[in-house]
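Trainee:
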Amino acid sequence: MKKLVILSLACFLVLVTLVTSCRPDPSVDPIDGISFEVPEGWPEPVYKFEGNPLTTAGFELGKKLFFDPRLSRNNTVSCGSCHQPFAAFAQLDHDVSHGVDDKLGTRNSPGLFNLNWHTGFFWDGGVNHIEVQPINPIQNPVEMDEKLENIITKLSADQQYKTAFAAAFGDEAITTQRMLKALAQYLGMLVSSNSKYDKYTRNEPGGAMTAAELSGLSIYRSKCASCHTEPLFTDLSYRNNGLIPNSVNDSGRGVITGNPDDLYKFKVPSLRNLKYTGPYMHDGRLKSLQAVLNYYTTSIHHSPTLDPLLQTNIELSPQEQSDLLAFLNTLNDEDFVKNPRFRP
Amino acid sequence: MWKFTVAALLLAVTTIGCRKKPDPAVTPVEEDNRQISLTFQNVAGTEPLVLDSAWYMNANGDSFKVRTYKYYISNIVLIQADGTEFKEKESYHLIDEGNNQSKSFNLQSVPDGNYVKMKFLIGVDSARNVSGAQTGALDMMHGMFWDWNTGYIMAKLEGSSPQAPNGSIVFHTGGFSGTFNVLRQVTLEFPQPAEVKVGKTPNVHIKADILEWFQNPNLIDFKETSEVMGGSKYLNALADNYADMFTVDHID
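Residue numbers (numbering that gives the first Met the number 0), protein chains in the order written: chain A, 0 to 343; chain B, 0 to 251.
#1: Measure the C-alpha to C-alpha separation of A166(A) and G110(A) and round it to an integer number of angstroms.
#2: Roughly how many angstroms separate the alpha carbons of F175(B) and G251(A), rounded to a whole number?
#3: Between which residues of its own chain and A181(A) is the CB-CB distance below 7 Å, once the five residues before and five after are set aside?
#4: In three-state DSSP terms, what is K102(B)?
#5: Quick check: what's the CA-CA separation for P204(A) versus V190(A)?
#6: What does the alpha-carbon distance come out to for the pair F39(B) and S77(A)?
#7: To the nearest angstrom, how far is the alpha carbon of H300(A) from that of T105(A)?
#8: Let me see if you follow: with CB-CB separation under 8 Å, is T256(A) close to chain B or not?
#9: If I measure Cβ to Cβ from D208(B) and keep anything under 6 Å in the same chain, skipping five residues before and after, which residues do I get?
#10: Taking Cβ-Cβ distances shorter than 9 Å, what residues in chain A pair up with S125(B)?
#11: Tell me which residue opens and which closes the alpha helix (DSSP H) that M178(A) is part of.
#12: If you measure between the beta carbons of K64(B) and G150(B), is that distance less than 8 Å?
#13: Which residues in the same chain as P29(A) place their Cβ atom closer than 6 Å to its Cβ, once the five residues preceding and following it in sequence are excluded?
#14: Per DSSP, which one or two residues make a beta bridge with R183(B)?
#15: I'd like to check one pair, D306(A) with N240(A): are the Cβ atoms closer than 8 Å?
#16: Count the CB pairs spanning the region 124-137 of chain A and the region 302-322 of chain A that are closer than 8 Å, and state whether there are at least three.
#17: What residues in the region 157-179 of chain B have a beta carbon less than 7 Å from any beta carbon of chain A?
#18: Got a sec: is the Cβ-Cβ distance from M140(B) to anything in chain A below 8 Å?
#19: What did DSSP end up calling D239(B) once you bin it into helix, strand or coil?
#20: Look at the alpha carbon of I33(A) and the alpha carbon of T55(A), and state the distance between them as a whole number of angstroms.
#21: Contact criterion: CB-CB distance below 8 Å. Does N135(A) meet it with respect to chain B?
#22: What's the C-alpha gap between N235(B) and P110(B)?
#23: How far does the alpha helix (DSSP H) with R220(A) in it reach, from first residue to last?
#24: Could you list the residues in the region 93-127 of chain A with a C-beta less than 7 Å from some C-beta on chain B, going in chain order?
#25: According to the neighbour-count rule (16 or more other Cβ atoms, all chains shown, within 10 Å of its Cβ), is H249(B) buried or exposed?
#26: Which residue or residues does DSSP assign as beta-bridge partners of N127(A)?
#27: Mapping DSSP to helix, strand and coil, what is W212(B)?
#28: Can you look up I219(B) in the DSSP assignment and give me helix, strand or coil?
#29: Mind checking if Q184(A) is an interface residue toward chain B, Cβ cutoff 8 Å exclusive?
#30: Cα separation between W54(B) and G44(B)?
#31: On the CB-based measure, 16 or more other CB atoms within 10 Å of its CB, does R69(A) come out buried or exposed?
#32: What first and last residue would you give for the beta strand (DSSP E) that runs through T172(B)?
#33: Can you check whether the C-beta of K62(A) is within less than 8 Å of a C-beta belonging to chain B?
#34: Specify the secondary structure class of M153(B) as computed by DSSP and reduced to three states.
#35: So is P278(A) buried or exposed if we call it buried at 16+ other beta carbons inside 10 Å?
#36: Just the C-alpha distance for P161(B) and L50(B), rounded to the nearest angstrom, thanks.
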């Protein structure tokens, strides 16, 4: 009997040892209290923290960096300045982003969520990886206008950061690669999948849709979903939606690829969290969702690269528009914008 | 006995079950680590390249001087007469004329043999242009990275010329796929075999002629073309030009 007990104990210990000493890729590390979950029914993300194992210390460091104005030239603008948590990480009431010395950008700062599914970043998709995305606003003269080496110098003089980098990466060395990987951990964790619509699709409490919302869902599926595809509510493609170029004459994707067929194309934005992310369009020209519907129903401008699906204005009766707006309102994720974990 | 078995079993599991890969950072320098040195010398025709002060003339007759000159060399392969190849691991090098240390480096753990030629890429291979944050020679901090249209600046030449419309010349080449692809493969024959063996580290001296940026096959006229950066139709023309700027001068 005693032998049996010892044998069982041995087996148990062996099992425990195996499990704890040989944990696989710690991108999901329940013991550390942080894990990245793919929401039910969603496709596999593009970025799965390969080569950048997700940890609480890495995530927290990324958050600290995200809200630190020292990432800008004159220490006044942080990533969080133009990407505010309560605005689903867009910038409330700004048509274009405001950078150092009150300089103005040319595009609307988009909400930041579900980024691990993106293959290209920015309205033109010019950046191809979530880890190198932050370099663009950091170095842009009208955004944060700072050099990476200056940031490393500033952070390296701060013992708090040394400690935070050591906690995240094992030693106190502060490098651009580590800074970018920490930011990617924070940004990648910004998943918004808890709207009323999500609860409806998962048959959860709080997911009961009204008749108007259900009508709007069906209108959305027949008239919007080919570009704003579920569950991300964008197919992540680049399209010319017929806006007349403004005085900046931003030709979008065409500049990136050098292909004339891509002129005036921009990434299809998600329809999630629209309540928080206005104004709308790549240059923030439309101030309300009603203005957006007015645009698509009356004002699409023809040009050589206009999307084939938008060759005619979209037909929507006033009732359909009202129902559609009711449905769009179910895509707002209050849990996401109020999540204390994402706040500084 | 049972306790001993348990202890032995546990020990075996912890040591065998989870053997870590050796950490390259603490790999001791082995006595039999054979090396080969590569030394890059930037020249302008028959003159050595001197930053900021010396004037040179391109094939079009435009004079210019150089302030900044950097380029990436990657994926170095050494080849023996029988075709045996040695590929350097993590083979990324930024040659910076302003930094003498960057112009000479050793390839490590090269097998014994007589090497008769080498291959490398001018620029950073496409894989590392799409793989996120990098470090070392590929650190985004070196001013050789396009942040708005992801990719490394494969080569950068900046300076001045009285023939250029605004007095300055700026040539940044980049792009690794599609319309803009400036990656160029270079193969260099050695004038004599470089023998790698115990106690012998050959040094391959490579000359890079900056004048080749502006000629053969595409004549560059600074009046017309003095700024080439992302999106320029001259990117591929410049890359075609400088693809043949390297020669092995001698081996010692």
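Beta carbons: idealized from backbone N, C-alpha and C, even for Gly.
None of these values were measured; they are calculated from a predicted model.
Mentor: Working from what's here:
#1: Numbered from 1 along the first sequence, position 167 holds the residue referred to as residue 166(A). Numbered from 1 along the first sequence, position 111 holds the residue referred to as residue 110(A). Straight-line Cα distance between these residues: approximately 29 Å.
#2: Residue mapping note: residue 175(B) aligns to position 176 of the second sequence, counting from 1. Residue mapping note: residue 251(A) aligns to position 252 of the first sequence, counting from 1. Each residue's Cα considered, the two are about 20 Å apart.
#3: Translated into the one-based positions of the first sequence, residue 181(A) becomes position 182. G57, L60, G61, L64, A167, listed in sequence order.
#4: One-based indexing of the second sequence puts residue 102(B) at position 103. Helix at K102(B).
#5: The count along the first sequence starts at 1 and reaches residue 204(A) at position 205. The count along the first sequence starts at 1 and reaches residue 190(A) at position 191. Whole-angstrom Cα-Cα distance: 20 Å.
#6: The residue you call residue 39(B) lines up with position 40 of the second sequence. The residue you call residue 77(A) lines up with position 78 of the first sequence. Take the alpha-carbon of F39(B) and the one of S77(A): they are about 42 Å apart.
#7: Residue numbering aside, residue 300(A) sits at position 301 when the first sequence is read from its first letter. Residue numbering aside, residue 105(A) sits at position 106 when the first sequence is read from its first letter. For H300(A) and T105(A), the distance between alpha carbons rounds to 21 Å.
#8: Taking the first residue of the first sequence as 1, we reach residue 256(A) at position 257. T256(A) counts as touching chain B.
#9: To locate residue 208(B), count along the second sequence from 1; it is residue 209. Result list for D208(B): V42, M244, in chain order.
#10: The residue given as residue 125(B) occupies position 126 in the second sequence. Near S125(B) there are no residues of chain A at all, since even the closest Cβ is about 11 Å away, more than 9 Å.
#11: Walking along the first sequence from the start, residue 178(A) turns up at place 179. M178(A): member of the alpha helix (DSSP H) spanning 175-187, first to last residue.
#12: Position 65 of the second sequence, counted from the first residue, corresponds to residue 64(B). Position 151 of the second sequence, counted from the first residue, corresponds to residue 150(B). In this structure, G150(B) does not lie closer than 8 Å to K64(B) by Cβ.
#13: To locate residue 29(A), count along the first sequence from 1; it is residue 30. Here the model assigns P29(A) a pLDDT of 48, short of 50, so the residue's position is not dependable, and the following value carries that caveat. Close CB contacts of P29(A) within its chain, under the 6 Å cut and outside five residues either way in sequence, are absent.
#14: Walking along the second sequence from the start, residue 183(B) turns up at place 184. I121(B).
#15: Locating residue 240(A) in the first sequence gives position 241, counting from the first residue. Locating residue 306(A) in the first sequence gives position 307, counting from the first residue. Closer than 8 Å, so yes.
#16: They do not touch, by the three-pair rule.
#17: Within the region 157-179 of chain B, the qualifying residues are G177, T178, F179.
#18: Translated into positions along the second sequence, residue 140(B) becomes position 141. So, interface residue.
#19: As a first step, residue 239(B) is located in the second sequence; it is residue number 240 there, counting from the start. For D239(B), the secondary structure class from DSSP, reduced to helix, strand or coil, is helix.
#20: The count along the first sequence starts at 1 and reaches residue 33(A) at position 34. The count along the first sequence starts at 1 and reaches residue 55(A) at position 56. A straight line joining the alpha-carbon of I33(A) with that of T55(A) spans about 6 Å.
#21: Within the first sequence, residue 135(A) is the residue found at index 136, counting from 1. With its beta carbon less than 8 Å from one in chain B, N135(A) belongs to the interface.
#22: Counting from 1 along the second sequence, the entry for residue 235(B) is found at position 236. Counting from 1 along the second sequence, the entry for residue 110(B) is found at position 111. Taking the CA atoms as reference points, N235(B) sits about 36 Å from P110(B).
#23: Against the first sequence, residue 220(A) aligns to sequence position 221. Residues 210-222.
#24: So the close ones are G125, V126, N127.
#25: Residue 249(B) sits at position 250 when you count from the first residue of the second sequence. So H249(B) counts as exposed.
#26: Here the question's residue 127(A) lines up with position 128 in the first sequence. Paired residues: none, contrary to the question.
#27: By one-based count along the second sequence, residue 212(B) stands at place 213. DSSP places W212(B) in helix when its eight states are reduced to three.
#28: Residue 219(B) sits at position 220 when you count from the first residue of the second sequence. Coil at I219(B), not helix or strand.
#29: Here residue 184(A) refers to the residue found at position 185 when the first sequence is read from its first residue. No Cβ of chain B is located within less than 8 Å of the beta carbon of Q184(A).
#30: By one-based count along the second sequence, residue 54(B) stands at place 55. By one-based count along the second sequence, residue 44(B) stands at place 45. Spanning the alpha carbons of W54(B) and G44(B) requires a straight line of approximately 12 Å.
#31: Indexing the first sequence from 1 puts residue 69(A) at position 70. The residue is buried, with at least 16 neighbouring Cβ atoms inside 10 Å.
#32: Against the second sequence, residue 172(B) aligns to sequence position 173. 167-173 is the extent of the beta strand (DSSP E) around T172(B).
#33: For this step, residue 62(A) is matched to residue 63 along the first sequence. K62(A) does not count as touching chain B.
#34: Position 154 of the second sequence holds residue 153(B). Correct three-state label for M153(B): strand.
#35: Within the first sequence, residue 278(A) is the residue found at index 279, counting from 1. So P278(A) ends up on the buried side.
#36: Your numbering for residue 161(B) matches position 162 in the second sequence. Your numbering for residue 50(B) matches position 51 in the second sequence. Per the coordinates, the alpha-carbon of P161(B) lies some 17 Å from the alpha-carbon of L50(B).
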